[in-house]
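Participant: Taking UniProt numbering, the leading residue of the sequence shown gets 1, the next gets one more, and so forth. The beta carbon of each residue, even a glycine, is placed where N, CA and C say it ideally should be. I have a structure here, written as structure tokens, and I will follow up with some questions on it.
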Amino acid sequence: MLTIKNLNVFYNQIHAVKDLNLELNKGEIVTLMGSNGAGKSSSLNAISGLIKFSGSILFNGDEINKLSPDQIVKKGIVMVPEGRRIFPKLTVLENLLLGAYTRNVTNNIKAKELEEIFELFPRLEERKRQLGGTMSGGEQQMLAIGRALMGKPKVLMLDEPSMGLAPIVVKDIYETIKKIKGQGLTILLVEQNAKKALSVADRAYVIENGQIKYHDEARNLLEQDVIQKAYLGG
Numbered sequence: 001m002l003t004i005k006n007l008n009v010f011y012n013q014i015h016a017v018k019d020l021n022l023e024l025n026k027g028e029i030v031t032l033m034g035s036n037g038a039g040k041s042s043s044l045n046a047i048s049g050l051i052k053f054s055g056s057i058l059f060n061g062d063e064i065n066k067l068s069p070d071q072i073v074k075k076g077i078v079m080v081p082e083g084r085r086i087f088p089k090l091t092v093l094e095n096l097l098l099g100a101y102t103r104n105v106t107n108n109i110k111a112k113e114l115e116e117i118f119e120l121f122p123r124l125e126e127r128k129r130q131l132g133g134t135m136s137g138g139e140q141q142m143l144a145i146g147r148a149l150m151g152k153p154k155v156l157m158l159d160e161p162s163m164g165l166a167p168i169v170v171k172d173i174y175e176t177i178k179k180i181k182g183q184g185l186t187i188l189l190v191e192q193n194a195k196k197a198l199s200v201a202d203r204a205y206v207i208e209n210g211q212i213k214y215h216d217e218a219r220n221l222l223e224q225d226v227i228q229k230a231y232l233g234g
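Okay, here's the thing in structure tokens:
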């Protein structure tokens, strides 16, 4: 579904991502994990068209290298960015509706889709008139995911969804990720919380210094000593 070939990203003289190859198949969760500065977010930003890169990115067989970020969203690739990036001075409802801005659908369809989001995140319905900036970090993460789902993505990319959140909130977020996968959505997950990421993923790539170091089924990586010691506190 999504194929990345020889992806390279530079920031001036810094080679942040080096010949990265990654494949994401329909209906699976793939996690890209690694330490801070390993090149995870740069990879997602390249796929989203937000930064310059070299290499090839194919979506359903079509190269999307030269598409603008909004064209990539229209294709069906939607990212929940690191730090959530909600609109703090807009209400929860307004934030969610903005997620559907690239889709020419009726208000009735939007209303039905909002009901689906509220079923997934009941707290958002309780706070739909509340300004986004006044919500807790966990609620803002729910809002950011809900906004992305309003775009009806074919591929949902999540960049550090557990960052800065309390453990109980992280647990809720990951339960939601499993529910979303159960609905058939394809997910590319970037995460430093390796245990959580591997607990929901089908496959995983480990990136170090911009390069893929390991790639295997998530359950196999959970059992590898080198992964235990480097990422899981083993």
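1. Report the option in Asn104, Leu114, Leu198, Gly164 whose CA atom is closest to the CA atom of Thr31.
2. On the CB-based measure, 16 or more other CB atoms within 10 Å of its CB, does Arg219 come out buried or exposed?
3. Just verifying my parser: in three-state terms, what is the DSSP assignment at Asn45?
4. So, is Gln141 buried or exposed, given that buried needs 16 or more other C-beta atoms within 10 angstroms?
5. Could you give the distance in angstroms between the alpha-carbon of Val92 and the alpha-carbon of Ile117?
6. Taking Gly133 as the reference, which of Gly182, Phe121, Pro88 has the closest Cα?
7. What does DSSP give as the partner residues of Ala148 in its beta bridges?
8. I need the boundaries of the alpha helix (DSSP H) containing Glu223, first residue and last residue.
9. What distance in whole Å lies between the Cβ atoms of Met33 and Ala204, which are believed to be in contact at a cut-off of 8 Å?
10. So what does DSSP say about Thr3, is it helix, strand or coil?
11. My output table needs one value for Gln192: the three-state DSSP class, helix, strand or coil.
12. So is Gly184 in contact with chain B if we call contact Cβ pairs under 8 Å?
13. So, under 8 Å CB-CB, Val9 and Ala46 are touching, yes? Tell me the CB distance rounded to an integer number of Å.
14. I'd like the list of long-range same chain contacts for Pro153, defined as Cβ closer than 6 Å, with 5 residues on each side in sequence excluded.
15. Need the endpoints of the beta strand (DSSP E) that Ile77 sits in, please.
16. Could you check whether Gly39 and Val73 sit closer than 8 Å to each other, using their CB atoms as the reference points?
17. Measure the C-alpha to C-alpha separation of Tyr101 and Leu149 and round it to an integer number of angstroms.
18. Report the CB separation of Glu160 from Val190 in whole angstroms; it is logged as a contact under 8 Å.
19. How about Ile177 and Leu165: do their beta carbons lie closer than 8 Å?
20. Suppose the cutoff is 7 Å on Cβ atoms and the five residues either side in sequence are ignored; what does the same chain contact list for Phe53 look like?
21. Hey, out of Gln224, Glu23, Glu115, Val80, whose CA is closest to Ala144's CA?
22. State the start and end residues of the unbroken beta strand (DSSP E) segment that holds Asn21.
23. Among residues of its own chain, excluding the 5 on either side of Gln211, which ones have a beta-carbon nearer than 6 Å to its beta-carbon?
24. Just how far apart, CA to CA, sit Thr96 and Ser43?
25. Use the C-beta contact count for Asn36: other C-beta atoms within 10 angstroms, 16 or more gives buried, fewer gives exposed.
Facilitator: Reading off the structure:
1. Reading the sequence shown from its first residue, position 31 is the one you call residue 31. Nearest option by C-alpha distance: Leu198.
2. The count along the sequence shown starts at 1 and reaches residue 219 at position 219. Residue environment analysis places Arg219 among the exposed positions, since fewer than 16 neighbouring C-beta atoms fall within 10 angstroms of its C-beta.
3. One-based indexing of the sequence shown puts residue 45 at position 45. Helix.
4. For the purposes of this step, residue 141 is taken as residue 141 along the sequence shown, with counting starting at 1. Buried is the call here.
5. Along the sequence shown, read from residue 1 onward, the residue named residue 92 stands at position 92. Along the sequence shown, read from residue 1 onward, the residue named residue 117 stands at position 117. Taking C-alpha positions only, Val92 is separated from Ile117 by approximately 11 Å.
6. Against the sequence shown, residue 133 aligns to sequence position 133. Closest option to Gly133, judged by alpha-carbon separation, among Gly182, Phe121, Pro88: Pro88.
7. On the sequence shown, residue 148 is found 148 positions in, with the first residue counted as 1. Ala148 pairs with nothing; no bridge assigned.
8. Taking the sequence shown and counting its residues from 1, one reaches residue 223 at position 223. Per DSSP, Glu223 belongs to the alpha helix (DSSP H) from 218-223.
9. Residue mapping note: residue 204 aligns to position 204 of the sequence shown, counting from 1. Residue mapping note: residue 33 aligns to position 33 of the sequence shown, counting from 1. Rounded, the Cβ-Cβ distance is 6 Å, consistent with contact.
10. Locating residue 3 in the sequence shown gives position 3, where the first residue counts as 1. It is a strand residue.
11. Taking the first residue of the sequence shown as position 1, residue 192 is located at position 192. The answer is coil: DSSP assigns Gln192 none of H, G, I, E or B.
12. Of the protein chains in this structure there is only one, and it is not chain B.
13. Taking the sequence shown and counting its residues from 1, one reaches residue 9 at position 9. Taking the sequence shown and counting its residues from 1, one reaches residue 46 at position 46. So it is a contact: roughly 6 Å between Cβ atoms.
14. The residue labelled residue 153 in the question sits at position 153 within the sequence shown. So the list reads Gly76, Val78, once near-sequence residues are dropped.
15. Within the sequence shown, the letter at position 77 stands for residue 77. It spans 77-80 - the beta strand (DSSP E) in which Ile77 sits, taken as one unbroken run.
16. Position 73 of the sequence shown holds residue 73. Position 39 of the sequence shown holds residue 39. No, these two residues do not count as a Cβ contact at 8 Å.
17. Along the sequence shown, one-based indexing puts residue 101 at 101. Along the sequence shown, one-based indexing puts residue 149 at 149. Going from the Cα of Tyr101 to the Cα of Leu149 covers about 12 Å.
18. One-based indexing of the sequence shown puts residue 160 at position 160. One-based indexing of the sequence shown puts residue 190 at position 190. 6 Å between Cβ atoms; contact.
19. The sequence position of residue 177 within the sequence shown is 177, counting from 1. The sequence position of residue 165 within the sequence shown is 165, counting from 1. Contact: no.
20. Mapped onto the sequence shown, residue 53 falls at position 53. If we look at Phe53 and ignore the five residues flanking it on each side, its Cβ neighbours are Leu7, Asn8, Val9, Ala46.
21. Residue mapping note: residue 144 aligns to position 144 of the sequence shown, counting from 1. The candidate whose alpha carbon is nearest that of Ala144 is Val80.
22. Sequence index remark: in the sequence shown, residue 21 carries index 21 (1-based). It spans 14-24 - the beta strand (DSSP E) in which Asn21 sits, taken as one unbroken run.
23. Reading the sequence shown from its first residue, position 211 is the one you call residue 211. Closer than 6 Å at the Cβ level, and outside the excluded window around Gln211, lie Lys18.
24. In the sequence shown, counting from the first residue as 1, residue 96 sits at position 96. In the sequence shown, counting from the first residue as 1, residue 43 sits at position 43. Note on identity: in this sequence residue 96 is Leu, with Thr being the wrong assignment. In a straight line, the C-alpha of Leu96 is about 26 Å away from that of Ser43.
25. Here residue 36 refers to the residue found at position 36 of the sequence shown. Asn36 comes out exposed.
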